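Heads up, the thing below is written out as structure tokens.
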Amino acid sequence: MSDFREQIEAAIPALRRYARALTRNAEIADDIVQDTLVRALRSEHLFHGGDTRAWLYTILTNLNRNRLRSLSRRPVVMPIQDNDAATGGPESGSRDIGRALDELAEDQRSALLLVVLEGLTYREVAEIQGVPIGTVMSRLARARMQIKAYLDGERPALRRVK
Amino acid sequence: MIEREQIVSKDELNAFVDGELPAERVAAVEAWLATHPDDAMKVAAWRQQAELIRARYGGVISEKPPQRLNVERLMRRRYGAVIGAVAATIAAFIVGGVAGWTAHGAVAASPSDLALFTTDALDAYRLYTVEVRHPVEVPGDQRPHLQEWLSKRVGSPLRAPDLDKVGLKLVGGRLLPGPTGATAFFMYEGPSGERYTLYCGRTKDQQTALRYTQGARAAAYYWVDANVAYVLSGPAEQDRLHAIAQSAYDQIDQHTPPQNRQIGG
Numbered sequence: 063m064s065d066f067r068e069q070i071e072a073a074i075p076a077l078r079r080y081a082r083a084l085t086r087n088a089e090i091a092d093d094i095v096q097d098t099l100v101r102a103l104r105s106e107h108l109f110h111g112g113d114t115r116a117w118l119y120t121i122l123t124n125l126n127r128n129r130l131r132s133l134s135r136r137p138v139v140m141p142i143q144d145n146d147a148a149t150g151g152p153e154s155g156s157r158d159i160g161r162a163l164d165e166l167a168e169d170q171r172s173a174l175l176l177v178v179l180e181g182l183t184y185r186e187v188a189e190i191q192g193v194p195i196g197t198v199m200s201r202l203a204r205a206r207m208q209i210k211a212y213l214d215g216e217r218p219a220l221r222r223v224k
Numbered sequence: 095m096i097e098r099e100q101i102v103s104k105d106e107l108n109a110f111v112d113g114e115l116p117a118e119r120v121a122a123v124e125a126w127l128a129t130h131p132d133d134a135m136k137v138a139a140w141r142q143q144a145e146l147i148r149a150r151y152g153g154v155i156s157e158k159p160p161q162r163l164n165v166e167r168l169m170r171r172r173y174g175a176v177i178g179a180v181a182a183t184i185a186a187f188i189v190g191g192v193a194g195w196t197a198h199g200a201v202a203a204s205p206s207d208l209a210l211f212t213t214d215a216l217d218a219y220r221l222y223t224v225e226v227r228h229p230v231e232v233p234g235d236q237r238p239h240l241q242e243w244l245s246k247r248v249g250s251p252l253r254a255p256d257l258d259k260v261g262l263k264l265v266g267g268r269l270l271p272g273p274t275g276a277t278a279f280f281m282y283e284g285p286s287g288e289r290y291t292l293y294c295g296r297t298k299d300q301q302t303a304l305r306y307t308q309g310a311r312a313a314a315y316y317w318v319d320a321n322v323a324y325v326l327s328g329p330a331e332q333d334r335l336h337a338i339a340q341s342a343y344d345q346i347d348q349h350t351p352p353q354n355r356q357i358g359g
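Top line first, the protein sequences correspond to chains X and G. Counting in this note's numbering, the first sequence runs from 63 upward without gaps. Counting in this note's numbering, the second sequence runs from 95 upward without gaps.
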């Protein structure tokens, strides 16, 4: 197997992790990872060195953005199925973080997950999202403020329901 | 001490949490947090968010990926399709004059376009026809919208042929990248769930006859009409596929305005 394909193969577990958090649906996440791999393998001849992993994250990020755009054009809104709830910890906070992510704008969610979950640098995220580093930083700041507001505001209400 | 303290921005607080702060600013931010409890609470909350996200999704990394994401498998399918398409191209050129359909004085397809379109169309066929939940982006009951959208993106007037007569209903369509740019992809379904797809993209060629290509478990008919290449893909049963391809071919042919057509020689 070539270096290129080995690098792609090595990236699959992390791509699945990112896609799972991005879509919060295991089936859709693997669909997007599969599309990403097919596109990457098809474009092997166009790839002349560079960071394979960042390139794969770029394809996946764009595919998910396109998916959400095509969903938003449809008249029927599809429910987001949270079928990975079982992987959350026992504490109530870990149940809420997924819903808090749902509330974010797509670019904010993707920036936050690439940094926090995938451990990429601001510079790498800027290249993946095709924006200046300053934009990445403001997306992160907004994402964090919004998650904090959501967790601070929503958690007591959910507890009362129990 | 106070006079040496510089204001710490929100961006710097984020960078501090993410380990992106330049080393020379770390001590200053730590000192700032010691005297600004509001900011210290924010930083603590952001760190906790990151912990929650990692606790929730971090475990995916140690799951065994499903078979369908196996690179060797995805590559085998790809190489199989390329070799199949190249062989079919050569075969088409050898037998083209004898067995080819020459209804319109067709010119020969450039081998590259035939191979590229057929390979990509069969890839798309294999990738999307197995989809249960998301086979298409726009469902077939929105046919006018689907045709208008794909025509606009591909840059040529496109119709999803009506294949009721050969027992197929339009499932819908999606936009795909193709050898020459944006490509339209229509999916049809038969009474027992078998699926056929029509892949349409722009080409330099004017017009060709039908060309048959058989790959592993799938086959395709390729033709060009008015600078649009069409690939009809489906299960490898040549007679059935031929009947469907001819129905699509005839309808598309009838709808092509005469001025777009090269006079056959």
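Think of the CB as a built atom: it goes at the ideal place given N, C-alpha and C, for glycine as much as any other residue. All of these numbers come straight from a predicted model, not from anything done at the bench.
In terms of beta-carbon proximity, ASP112 (chain G) lines the interface with chain X, with at least one pair separated by less than 7 Å. At a beta-carbon threshold of 8 Å, none of the residues of chain G lie near GLU189 (chain X); the nearest stands roughly 15 Å away. By the Cβ criterion, the region 211-221 of chain G is not in contact with the region 247-256 of chain G, since fewer than three pairs of Cβ atoms, one from each stretch, lie closer than 8 Å. Here MET135 (chain G) is exposed, its C-beta having fewer than 16 other C-beta atoms within 10 Å.
Judged by their CB atoms, PHE279 (chain G) and ARG289 (chain G) are not nearer to each other than the 7 Å cut-off. Here the C-alpha atom of THR212 (chain G) lies approximately 10 Å from the C-alpha atom of ALA323 (chain G).
Non-local beta-carbon contacts of SER245 (chain G) in its own chain, meaning distances under 6 Å to residues more than five positions away in sequence, involve PRO251 and LEU252 in chain order. Within the region 318-350 of chain G, the complete alpha helix (DSSP H) segments of 4 residues or longer fall at 332-349, listed in chain order. DSSP, read as helix, strand or coil, puts GLU231 (chain G) in coil. Just so you know, the alpha carbons of ASN128 (chain X) and ARG67 (chain X) end up roughly 25 Å apart. Per the coordinates, the alpha-carbon of PRO159 (chain G) lies some 43 Å from the alpha-carbon of ASP132 (chain G).
Judged by their CB atoms, ASP207 (chain G) and THR297 (chain G) are nearer to each other than the 7 Å cut-off. Taken in chain order, the whole alpha helix (DSSP H) runs of length 4 or more contained in the region 83-130 of chain X are 88-104. Around the beta carbon of ARG185 (chain X), fewer than 16 other beta carbons lie within 10 angstroms, which makes this residue exposed. Between VAL260 (chain G) and VAL230 (chain G), the CB-CB gap reaches or exceeds 7 Å.
Using beta-carbon distances, VAL95 (chain X) counts as an interface residue toward chain G, with a partner under 7 Å. Neighbours of VAL165 (chain G) in chain X, taken as residues whose beta carbon is under 9 Å from its own, are MET63, ARG67, GLU68, ILE70, GLU71, ILE74, LEU99 and LEU103 in chain order. Judged by DSSP secondary structure, GLN241 (chain G) falls within the alpha helix (DSSP H) whose first and last residues are 237-248. Listed in chain order, the positions of the region 148-159 of chain G with a beta carbon within less than 8 Å of a beta carbon of chain X are ARG148, ALA149, ARG150, TYR151, GLY152, GLY153, VAL154, ILE155, SER156, GLU157 and PRO159.
Each residue's CA atom was taken as its position, placing ALA320 (chain G) and GLN300 (chain G) some 5 Å apart.
For ALA211 (chain X), the nearest beta carbon of chain G is not closer than 7 Å to its own beta carbon. No Cβ of chain G is located within less than 7 Å of the beta carbon of ILE121 (chain X). In this structure, GLU168 (chain X) places its C-beta atom within 7 Å of the C-beta atom of LEU130 (chain X). GLU283 (chain G) is bridged by DSSP to G:LYS263 and G:ARG289.
Just measuring C-alpha positions, the residue of G:GLN241, G:ARG141, G:GLY284 and G:GLU225 sitting nearest LYS263 (chain G) is G:GLY284. Interface with chain G (7 Å Cβ-Cβ cutoff): ARG79 (chain X) is included.
Residues of chain G with a Cβ closer than 7 Å to the Cβ of ARG82 (chain X) are, in chain order, TYR151 and VAL154. Among the residues of chain G, those whose CB is under 9 Å from the CB of ASP92 (chain X) are PRO159, PRO160, ARG162 and LEU163, following chain order. For LYS104 (chain G), the C-beta contacts it makes with chain X under 8 Å involve ALA203, in order along the chain. The secondary-structure analysis by DSSP pairs THR277 (chain G) across a beta bridge with G:LEU270. Check the Cα spacing between ARG78 (chain X) and each of G:LEU292, G:GLU124 and G:GLY152: the tightest is with G:GLY152. For a Cβ distance threshold of 8 Å, residue set ARG67 and LEU103 of chain X lies close to MET169 (chain G), ordered along the chain. Residue-level contact by beta carbon holds for LEU146 (chain G) and chain X, with a gap shorter than 7 Å. Using beta-carbon distances, ARG206 (chain X) counts as an interface residue toward chain G, with a partner under 7 Å.
For GLY275 (chain G), the closest alpha carbon among the candidates G:TRP317, G:GLN100, G:VAL248 and G:GLN332 is that of G:VAL248. In this structure, DSSP gives ARG141 (chain G) a helical state, which the three-state scheme calls helix.
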